[in-house]
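Student: Residue numbers (the working numbering): 1 to 162. All residues carry an ideal CB built from backbone N, CA and C; glycine is no exception.
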(Lines of atoms letter the chains of each structure in order from A; the text may use other names.)
(Lines give C-alpha, C1' and ligand atoms only; values in the text may rest on other atoms or scores of the structure.)
Protein backbone atom coordinates (compact mmCIF):
# COMPACT_ATOMS: atom_id res chain seq x y z
CA UNK A 1 0.00 0.00 0.00
CA UNK A 2 1.11 3.55 -0.71
CA UNK A 3 0.09 6.84 0.84
CA UNK A 4 -0.68 8.89 -2.26
CA UNK A 5 -0.01 12.20 -0.48
CA UNK A 6 3.75 11.58 -0.38
CA UNK A 7 4.26 8.23 -2.21
CA UNK A 8 5.71 6.68 0.96
CA UNK A 9 4.60 3.07 1.44
CA UNK A 10 2.40 2.54 4.48
CA UNK A 11 4.17 0.35 7.06
CA UNK A 12 2.68 -3.12 7.53
CA UNK A 13 3.18 -5.13 10.73
CA UNK A 14 1.45 -8.47 10.30
CA UNK A 15 2.57 -11.98 11.30
CA UNK A 16 3.48 -12.94 7.70
CA UNK A 17 4.08 -9.53 6.09
CA UNK A 18 6.19 -6.75 7.53
CA UNK A 19 7.32 -3.59 5.77
CA UNK A 20 8.85 -0.17 6.20
CA UNK A 21 9.58 2.64 3.71
CA UNK A 22 12.13 0.52 1.78
CA UNK A 23 11.59 -3.21 2.37
CA UNK A 24 8.83 -5.81 2.41
CA UNK A 25 9.35 -9.11 4.25
CA UNK A 26 6.94 -11.92 3.35
CA UNK A 27 6.78 -15.33 4.95
CA UNK A 28 5.85 -17.83 2.27
CA UNK A 29 5.25 -21.56 2.04
CA UNK A 30 8.44 -23.31 0.91
CA UNK A 31 7.35 -25.25 -2.17
CA UNK A 32 10.34 -27.62 -1.90
CA UNK A 33 9.37 -29.06 1.49
CA UNK A 34 7.01 -28.69 4.43
CA UNK A 35 8.80 -25.63 5.81
CA UNK A 36 8.54 -21.90 5.37
CA UNK A 37 10.70 -19.27 3.70
CA UNK A 38 10.99 -15.50 3.97
CA UNK A 39 11.59 -13.13 1.07
CA UNK A 40 12.95 -9.60 1.31
CA UNK A 41 12.02 -7.27 -1.54
CA UNK A 42 12.79 -3.59 -2.05
CA UNK A 43 9.65 -1.55 -2.68
CA UNK A 44 9.20 -1.15 -6.43
CA UNK A 45 11.29 -4.21 -7.34
CA UNK A 46 9.70 -7.29 -8.89
CA UNK A 47 12.27 -9.81 -7.61
CA UNK A 48 13.32 -10.35 -4.00
CA UNK A 49 16.86 -9.42 -2.99
CA UNK A 50 16.93 -12.31 -0.52
CA UNK A 51 15.00 -15.54 0.03
CA UNK A 52 15.87 -17.83 2.89
CA UNK A 53 14.45 -20.42 5.26
CA UNK A 54 12.09 -19.26 7.98
CA UNK A 55 11.58 -20.69 11.45
CA UNK A 56 8.60 -22.88 12.31
CA UNK A 57 6.33 -21.77 15.11
CA UNK A 58 5.77 -23.68 18.34
CA UNK A 59 3.03 -25.80 16.78
CA UNK A 60 5.56 -27.08 14.19
CA UNK A 61 3.00 -26.40 11.42
CA UNK A 62 2.80 -22.64 11.03
CA UNK A 63 5.62 -20.14 10.64
CA UNK A 64 6.95 -18.06 13.48
CA UNK A 65 5.39 -14.57 13.18
CA UNK A 66 7.54 -11.69 11.98
CA UNK A 67 8.49 -9.06 14.55
CA UNK A 68 10.55 -5.87 14.62
CA UNK A 69 13.76 -7.63 15.67
CA UNK A 70 13.52 -10.30 12.96
CA UNK A 71 12.59 -7.67 10.36
CA UNK A 72 15.59 -5.49 11.26
CA UNK A 73 17.92 -8.50 10.99
CA UNK A 74 16.43 -9.40 7.61
CA UNK A 75 16.83 -5.80 6.38
CA UNK A 76 20.49 -5.82 7.41
CA UNK A 77 21.11 -9.15 5.67
CA UNK A 78 19.27 -8.20 2.47
CA UNK A 79 21.06 -4.84 2.33
CA UNK A 80 24.40 -6.63 2.63
CA UNK A 81 23.44 -9.01 -0.21
CA UNK A 82 22.61 -6.02 -2.43
CA UNK A 83 25.85 -4.26 -1.46
CA UNK A 84 27.92 -7.34 -2.35
CA UNK A 85 26.08 -7.71 -5.65
CA UNK A 86 26.78 -4.05 -6.50
CA UNK A 87 30.47 -4.49 -5.59
CA UNK A 88 30.72 -7.60 -7.77
CA UNK A 89 29.05 -5.83 -10.71
CA UNK A 90 31.34 -2.82 -10.27
CA UNK A 91 34.39 -5.10 -10.27
CA UNK A 92 33.19 -6.83 -13.46
CA UNK A 93 32.64 -3.52 -15.23
CA UNK A 94 35.69 -1.60 -13.96
CA UNK A 95 39.19 -3.02 -14.25
CA UNK A 96 42.60 -1.43 -13.98
CA UNK A 97 46.24 -2.42 -14.23
CA UNK A 98 49.49 -0.69 -13.30
CA UNK A 99 52.23 -0.63 -15.89
CA UNK A 100 55.68 0.86 -16.30
CA UNK A 101 56.48 2.26 -19.72
CA UNK A 102 59.80 1.79 -21.52
CA UNK A 103 60.95 5.20 -20.23
CA UNK A 104 60.15 4.19 -16.63
CA UNK A 105 56.88 6.10 -16.23
CA UNK A 106 54.32 4.40 -13.93
CA UNK A 107 50.77 4.45 -15.31
CA UNK A 108 47.39 3.20 -14.25
CA UNK A 109 45.32 2.03 -17.19
CA UNK A 110 41.59 1.60 -16.54
CA UNK A 111 38.74 0.02 -18.48
CA UNK A 112 35.22 1.19 -17.59
CA UNK A 113 32.23 -0.57 -19.14
CA UNK A 114 28.79 1.06 -19.06
CA UNK A 115 26.01 -1.51 -19.53
CA UNK A 116 23.03 -0.42 -21.61
CA UNK A 117 20.07 -2.26 -23.10
CA UNK A 118 20.79 -0.58 -26.45
CA UNK A 119 24.42 -1.71 -26.34
CA UNK A 120 27.18 -1.39 -23.78
CA UNK A 121 29.97 1.14 -24.20
CA UNK A 122 33.49 1.14 -22.81
CA UNK A 123 36.30 3.61 -22.22
CA UNK A 124 40.01 2.99 -21.83
CA UNK A 125 41.97 5.63 -19.92
CA UNK A 126 45.49 6.18 -18.65
CA UNK A 127 46.68 8.21 -15.66
CA UNK A 128 50.18 9.01 -14.49
CA UNK A 129 51.30 8.35 -10.92
CA UNK A 130 49.98 11.79 -9.86
CA UNK A 131 46.48 10.98 -11.14
CA UNK A 132 46.75 13.22 -14.21
CA UNK A 133 44.77 11.77 -17.11
CA UNK A 134 47.01 11.22 -20.13
CA UNK A 135 44.54 9.61 -22.54
CA UNK A 136 40.94 8.45 -22.89
CA UNK A 137 39.54 6.53 -25.85
CA UNK A 138 36.37 4.56 -26.57
CA UNK A 139 36.87 0.82 -26.98
CA UNK A 140 34.51 -2.11 -27.57
CA UNK A 141 33.04 -3.47 -24.32
CA UNK A 142 34.68 -6.77 -25.24
CA UNK A 143 38.17 -5.21 -24.95
CA UNK A 144 40.39 -7.36 -22.72
CA UNK A 145 42.48 -5.23 -20.38
CA UNK A 146 45.72 -6.96 -19.43
CA UNK A 147 49.17 -5.70 -18.54
CA UNK A 148 50.27 -6.57 -22.09
CA UNK A 149 47.35 -4.80 -23.81
CA UNK A 150 47.81 -1.72 -21.59
CA UNK A 151 51.55 -1.61 -22.30
CA UNK A 152 50.96 -1.98 -26.04
CA UNK A 153 48.39 0.85 -25.92
CA UNK A 154 50.81 3.18 -24.10
CA UNK A 155 53.72 2.26 -26.41
CA UNK A 156 51.46 2.92 -29.41
CA UNK A 157 50.94 6.53 -28.30
CA UNK A 158 47.51 5.88 -26.77
CA UNK A 159 45.91 5.39 -30.19
CA UNK A 160 42.51 3.75 -30.15
CA UNK A 161 43.14 -0.03 -29.97
CA UNK A 162 41.81 -2.12 -32.84
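Leaving out the 5 sequence neighbours to the left and right, which residues in its chain are closer than 6 Å to residue 153 when beta-carbon positions are compared?
Tutor: 161
Student: Out of 74, 69 and 90, state which residue places its alpha-carbon closest to the alpha-carbon of residue 52.
Tutor: 74
Student: Assuming the contact rule is C-beta atoms closer than 8 Å, residue 37 and residue 18 should be a hit. Round their C-beta distance to whole Å, please.
Tutor: Contact doesn't hold; Cβ gap of about 14 Å is too wide.
Student: Excluding the 5 residues preceding and the 5 following residue 133 in the sequence, name in chain order all residues of the same chain whose CB lies nearer than 8 Å to its CB.
Tutor: 125, 126 and 127
Student: What residue from 86, 141 and 137 has the CA that sits closest to residue 156's CA?
Tutor: When only C-alpha atoms are compared, the closest one is 137.
Student: Would you say residue 94 and residue 120 are within 9 Å of each other, going by their C-beta atoms?
Tutor: no
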